[in-house]
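**Student:**
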Amino acid sequence: MALCRFTTYTPNAGEQKKWGWVREGQVYTLDDETVKACLQHPGPQGLNVLAEVIETTGPAFTLEELDTLPDRFGHPALAAPVTTGMEVWAAGVTYESSKFARMAESADGGDFYAKVYVADRPELFFKATPHRTVGPNDRVRLRNDSTWDVPEPELAVLIAANTRILGFTVGNDMSSRSIEGENPLYLPQAKVYHGACALGPTVIPVGQLDPQNLGIILTIRRGGEVAYKGETSTARMRRTVEELAGWLFRANGFPMGVVLLTGTGLIPPEEFTLQSGDDISIEIEKIGTLRNHVA
Ligand code: DO4
Ligand code: MG
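When the letters of the sequence shown are read in order and numbered with the numbering used here, they come out as residues 81 to 375.
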């Protein structure tokens with residue numbers, strides 16, 4: 081069972097985004113207010129309470145038919161599981177491989193990355209709003225003032241306003257390594273821009289998996305050929321999901337809920353940069369595969 085968001089079209093209402101509940105491959109429409117209440121103050125059942133409130137009209141779609149390009153006008157398609165008022169944040173340097181990559185790309189050696197890797201306080205940064213975030217099969221973007229770009233495949237955590245962890249999805253923290261490497265103060269520009277974040281395909285409720293032991297596979301295809309493939313596991317993350325979530329909510333609040341990306345452990349070799357036309361696939365064990373095309 082899982083939560084999803086999708087775009088649908090009716091002649092009367094036009095294009096609308098809705099929440100859906102996935103059960104055995106069928107998607108049932110959920111009422112917006114009920115999901116909002118769950119994102120704000122869920123009880124101990126978390127997202128699972130939604131299984132009881134699916135509209136009684138039967139399934140609206142199959143998950144398979146929603147897993148399609150989002151721009152086929154009038155055809156329903158999966159969307160990123162975020163809604164107006166939500167934010168996306170990210171943790172950095174949570175895997176040793178990311179620490180080494182940041183230090184290597186930094187103009188001055190990046191000693192601060194070595195320090196933050198072992199510090200009590202993690203690196204946390206604002207990543208995206210819903211309008212900068214794309215869903216499955218949609219196009220992620222490269223900045224035209226960047227020369228070195230990578231996808232960052234990350235376990236993403238959906239957290240309610242009351243701090244309860246609700247579930248997990250797949251995230252892509254698209255990043256400019258040339259801008260980030262030039263000066264750490266440029267980090268927001270390396271990380272936050274239109275189409276810099278992708279999320280989906282569905283949110284798996286907490287309790288169905290162990291977030292600290294999930295395989296992650298990143299595959300980048302160029303002209304149909306594999307240009308990069310790498311594998312890691314969230315078992316290699318230096319911090320726990322609860323620890324990162326705890327720091328995120330210190331002196332901070334998210335009235336509509338928040339998605340937290342937990343950092344990348346996969347870094348393509350230095351000579352690799354994404355190109356327009358590449359296809360990115362991020363598979364996280366027990367969650368699913370997030371596919372995006374580079375615009
Ligand atoms: O410190 C820069 C960002 C690192 C990051 O996004 C990651 O490790 O995933
Ligand atoms: Mg990252």
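All C-beta atoms, glycine included, are put in the ideal place defined by N, C-alpha and C.
Please state the DSSP three-state secondary structure of Trp169.
**Tutor:** Strand at Trp169.
**Student:** Within a Cβ cutoff of 6 Å, which residues of the same chain sit near Ser256, ignoring the five residues on either side of it in sequence?
**Tutor:** Excluding residues within five positions, the ones whose Cβ falls inside 6 Å are Arg223, Ser226, Asp229, Ala270.
**Student:** For the beta strand (DSSP E) that contains Phe352, what are its first and last residues?
**Tutor:** Segment: none, Phe352 is in no beta strand (DSSP E) and carries neither H nor E.
**Student:** Return the bridge partner residues of Ala159 from the DSSP annotation.
**Tutor:** Partner(s): Arg85.
**Student:** Quick one: using the 10 Å Cβ neighbour count with 16 as the cut-off for buried, is Gly215 buried or exposed?
**Tutor:** Burial call: buried.
**Student:** Near Ser258, which residues of its chain fall below 6 Å by C-beta distance, leaving aside the five closest residues on each side in sequence?
**Tutor:** Closer than 6 Å at the Cβ level, and outside the excluded window around Ser258, lie Ser226, Thr227, Trp228.
**Student:** How many Å lie between Pro150 and Leu158 at the Cα?
**Tutor:** Distance between the alpha carbons of Pro150 and Leu158 is about 7 Å.
**Student:** Spell out a yes or no on whether the region 347 to 358 and the region 237 to 252 are touching, meaning 3 or more CB-CB pairs, one atom from each, closer than 8 Å.
**Tutor:** The region 347 to 358 vs the region 237 to 252: no contact.
**Student:** How big is the Cα-Cα spacing for Pro122 and Gly337?
**Tutor:** Straight-line Cα distance between these residues: approximately 11 Å.
**Student:** So, Gln106 versus Pro139, is the Cβ gap smaller than 9 Å?
**Tutor:** Yes, the pair counts as a contact, with Cβ atoms nearer than the cut-off.
**Student:** If we require 3 or more residues per run, which beta strand (DSSP E) segments fall completely within the region 200 to 247?
**Tutor:** Listed in chain order, the complete beta strand (DSSP E) runs (minimum 3 residues) inside the region 200 to 247 are 203 to 208, 233 to 239.
**Student:** Whose beta carbon lies closer than 5 Å to any heavy atom of the ligand MG, going through the chain in order?
**Tutor:** Answer in sequence order: Glu232, Asp253, Thr344.
**Student:** Can you check DSSP and say which residues form a bridge with Val338?
**Tutor:** Partner(s): Glu167, Ile239.
**Student:** Which word fits Pro233, buried or exposed, when buried means at least 16 other C-beta atoms lie within 10 angstroms of its C-beta?
**Tutor:** Buried, since its Cβ has 16 or more Cβ neighbours within 10 Å.
**Student:** Using the Cα positions of Ala117 and Gly165, report the straight-line distance between them to the nearest angstrom.
**Tutor:** Roughly 13 Å separates the two Cα atoms.
**Student:** Given the structure, does Lys271 come close to the ligand DO4, in the sense that its CB is under 8 Å from one of the ligand's heavy atoms?
**Tutor:** The answer is yes for Lys271.
**Student:** What is the C-beta distance between Pro285 and Leu246, in whole angstroms, given that I count them as a contact (C-beta under 8 Å)?
**Tutor:** The Cβ separation is near 7 Å, so the contact holds.
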